[in-house]
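Taken in order, these protein sequences are the chains called D and Z. Each step along the first sequence adds one to the number in the numbering used here, with nothing skipped, and position 45 is 45. In short: position in the second sequence from 1, add 1000, done, that's the numbering used here.
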Amino acid sequence: MIAVQAPPNIPNSLSVPANAPEHCPGTDSDLAGKTDACAGCANQDICASGATKLPDPSLPLIRERMSNVKRKILVLSGKGGVGKSTFTAQLGWAFAVDEDIQTGIMDVDICGPSIPTIFGIASEQVHSSSSGWSPVYVQDNLGVMSVGFMLPTSKDAVMWRGPKKNGLISQFFKDVDWGDLDYLIVDTPPGTSDEHLSIVQYLKESGIDGAVLITTPQEVALQDVRREIDFCKKVGIRIIGLVENMSGFVCPNCKTESQIFKPSTGGGRRLAEETGIEFLGAVPLDPRIGKSADYGVSFLDEYPDSPATTAYLDIIDRIKDILGD
Amino acid sequence: MSTVVEDTPVTRRLQSVKHIILVLSGKGGVGKSSVSTQLALNLYSSSPTARVGILDVDLTGPSIPRMFGVDGPQYAVHQSTSGWVPVYADAESGEQRLAVMSVGFLLKKKGDSVVWRGPKKNAMIRQFLSDVRWGELDYLVIDTPPGTSDEHLSLMEHMAGVRSRVSAVIVTTPQAVALMDAMKCLSFTRVVELPVLGLIENMSGYVCPCCGEVSNVFSTGGGEEMARREGLKFLGSLPVDTELVDVLDSGGKGSNEEAREEFSLLSKYRKTATAMIFGGMTDGVISGLGS
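Right, dumping it as structure tokens:
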């Protein structure tokens, strides 16, 4: 039924502005500003004038900022609550162990920013200087930027539609004074929507080194990961690999492992095989991971003997290998 | 109703729905869809004539079809002269009291992604609200995506004409990160003046199947504390129930040795430990609605 509603020529979804009408032909189309759907669109005159076929003016600025960043990694998952932010934080902390490596974390989950809490810097604020917004530093070589730093209180809801979110993401890429970075890790909200399209659009010129997909073992989550893989293929993002999180739980009392989220359809490993992407590893569920995130401390440093720490570190090493570092 | 009701296709369509319940949560993966599913099942069995609809507006990650065991090429939405015909999850027991609608039914393959920006999502939601032939419904449960963004604003906007029948249930998990997002969600309901029926704390504790030791995988008690502080009704807490994960992950599929009086998802669900607890929560929800 979607096919019935879709216009005959499917526009490149990247070139549809966020405030476009439903059947927008795409601003880089020859029909831009001239189709029936364009009547009444706020952008019609601009499209008809041909100006939209020129590149976005913020792109050169983003390219310049991003030219100082060696590796850009996205952390994605179709489903929410599978551990994207936790994984992002562990990745950040693990990279930052080496004092010579500069790491930046960008939290583009605008409606539910968890990164500040996980790093224990929820009460910090962003300062602006002549060279842009300064990220909040967890340690000398680990900077963080999140919408969470810009809200008056943590209770405030950000009720924004797509265009406003895109505007902020564009600012995160062009106005944050990251300095020279070895790694920029981008934590995303769940799904495949505005935020994801905008990141791809803004980083088109400077390139994305790859995406790490996170899932949990049950089919309901895997279903969403299949969609995310499809998304990556559609927009041409290289997939570094798949991480299975919350895989098995070790009872602190009797040390028996049980499966909370049963891999009824073979879990992440089988999905990776079927879709031809690399399976980076499985991280067991450890209640201390959630606790560390709530207290804002590094799980890897606090509990070096946990099996989850070993799993995280193996996965992070593998990611470095794949990136060739 | 004393207020002037705007006559839109959505208002006209939802005229035949008694109560609309939104299931919200700030954070993803806290169990909105599983709570929506359970709420629908419990409302369904609350009376032998109850008619329940469930609308999945999580457009980029629809989980509802899987949980109701209606994902697969054979389940598709049909167009009729009076609108889109939803999929009936209880069709196997010969009834049509549990109607399901999701973007999942419109996809050709299960791995297809829906990569849409706001305006398209908005249009789809409007169609879901105005074009689905629900018929007479006692309850319409709406499962939402995480956050407070396009989908939520669109829902509130389109349902402006039936606002007096709309209320919300907030789902959270006990850890601080999730509670923070639940607070944001609560702020949202206050800004848009949406009455909240109560708060459900999900994934509160896990019972080791081997030794029976209860571990607080995602901590515990945070939801109750938040409800008290914010003056919300606390509907109850649900433990992590692997049996329930199994049932919902497979949509109740598999052997069904029971007599075919009720559909297999419902009979399987009834046997889980969570079903018992949820029954009490459903009573809380129904009393909050005040019929």
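Cβ atoms here follow ideal geometry from the backbone N, Cα and C, with glycine treated the same way.
For the beta strand (DSSP E) assignment, the uninterrupted runs of no fewer than 3 residues enclosed by the segment 163-203 of chain D are, from N- to C-terminal side, 181-187. By the neighbour-count criterion, in which 16 or more other beta carbons inside 10 Å mark a residue as buried, Asn1122 of chain Z falls on the buried side. Contact annotation: Gln223 of chain D and Val1245 of chain Z have beta-carbon atoms that are not nearer than 8 Å. Per DSSP, Tyr1269 of chain Z is one residue of the alpha helix (DSSP H) stretching across Ser1264 to Arg1270. Here the segment 1153-1160 of chain Z makes contact with the segment 1006-1021 of chain Z; the two share three or more CB pairs at distances below 8 Å. In the displayed model, Trp1084 of chain Z falls within a strand according to three-state DSSP. Beyond the five residues adjoining it in sequence on each side, Ala308 of chain D comes within less than 7 Å, by CB distance, of Val283, Pro284, Asp286 and Ile289 in the same chain, given in chain order. Neighbours of Pro25 of chain D in chain Z, taken as residues at a C-beta separation under 9 Å, are lacking, since the least C-beta distance is about 13 Å. It is roughly 27 Å from the alpha-carbon of Arg1270 of chain Z to the alpha-carbon of Gly1061 of chain Z.
Scanning its chain for C-beta atoms nearer than 6 Å, with the 5 sequence neighbours on each side dropped, one finds around Thr1282 of chain Z the residues Asn1042, in chain order.
Only residues of its own chain outside the window of five on either side were considered, and among them Ala1099, Trp1134, Leu1137 and Leu1140 have a CB closer than 6 Å to the CB of Gly1053 of chain Z, listed in chain order. No Cβ of chain D is located within less than 8 Å of the beta carbon of Leu1024 of chain Z. Less than 8 Å divides the Cβ of Arg227 of chain D from the Cβ of Gly78 of chain D. Annotation: Gly1111 of chain Z to Val1169 of chain Z spans about 30 Å, alpha carbon to alpha carbon. Judged by DSSP in its simplified three-state form, Val1103 of chain Z adopts helix. A residue is called buried once 16 or more other Cβ atoms fall within 10 Å of its Cβ, and Lys155 of chain D, having fewer, is exposed. The beta-carbon of Pro1086 of chain Z is placed no less than 8 Å from the nearest beta-carbon of chain D. Under a 10 Å Cβ-count criterion, Ala42 of chain D is classified as exposed, with fewer than 16 other Cβ atoms of the shown protein chains found around its own Cβ. At a cut-off of 8 Å between beta carbons, Pro190 of chain D contacts chain Z. If you ignore the 5 residues before and after Arg1066 of chain Z, its C-beta comes within less than 7 Å of the C-beta of Gly1251, all in its own chain and listed in chain order. One Cα belongs to Met1101 of chain Z, the other to Val1057 of chain Z, and the distance between them is close to 9 Å. DSSP assignment within the segment 206-246 of chain D yields the following whole alpha helix (DSSP H) runs of 4 residues or more, N-terminal first: 219-235.
Residues of the same chain with a CB within less than 6 Å of the CB of Pro189 of chain D, apart from the 5 flanking positions on each side, are Asp109 and Glu195 in chain order. The beta-carbon of Glu228 of chain D is placed less than 8 Å from the nearest beta-carbon of chain Z. Taking 8 Å as the threshold, the shortest C-beta distance from Leu285 of chain D to chain Z falls below it. Taken atom to atom, the span from the alpha-carbon of Leu61 of chain D to that of Cys1211 of chain Z is near 59 Å.
The beta carbon of Phe279 of chain D sits no closer than 8 Å to any beta carbon of chain Z.
When DSSP reads this structure, Gln1074 of chain Z sits in no beta bridge, so it has no partner.
For the pair Glu257 of chain D and Gly266 of chain D, the CB atoms are not nearer than the 8 Å cut-off.
For Lys1233 of chain Z, same chain residues with a beta-carbon under 6 Å away, outside a window of 5 residues either side, are Gly1198 in chain order.
The C-alpha of Tyr1044 of chain Z is placed about 29 Å away from the C-alpha of Gly1221 of chain Z.
Taking a 10 Å sphere around the C-beta of Met1124 of chain Z, we find 16 or more other C-beta atoms and assign the residue as buried. Residues of the segment 139-173 of chain D that bring their beta carbon within less than 8 Å of a beta carbon in chain Z comprise Ser154, Lys155, Asp156, Ala157, Val158, Met159, Trp160, Arg161, Gly162, Pro163 and Lys165, in sequence order. Met145 of chain D carries a strand assignment under DSSP once its states are collapsed to helix, strand and coil.
Look at the segment 29-87 of chain D and you find these whole runs of beta strand (DSSP E), each 3 residues long or longer: 69-76. Taking all protein chains shown into account, Met1276 of chain Z has fewer than 16 neighbouring C-beta atoms within 10 Å of its C-beta and is therefore exposed.
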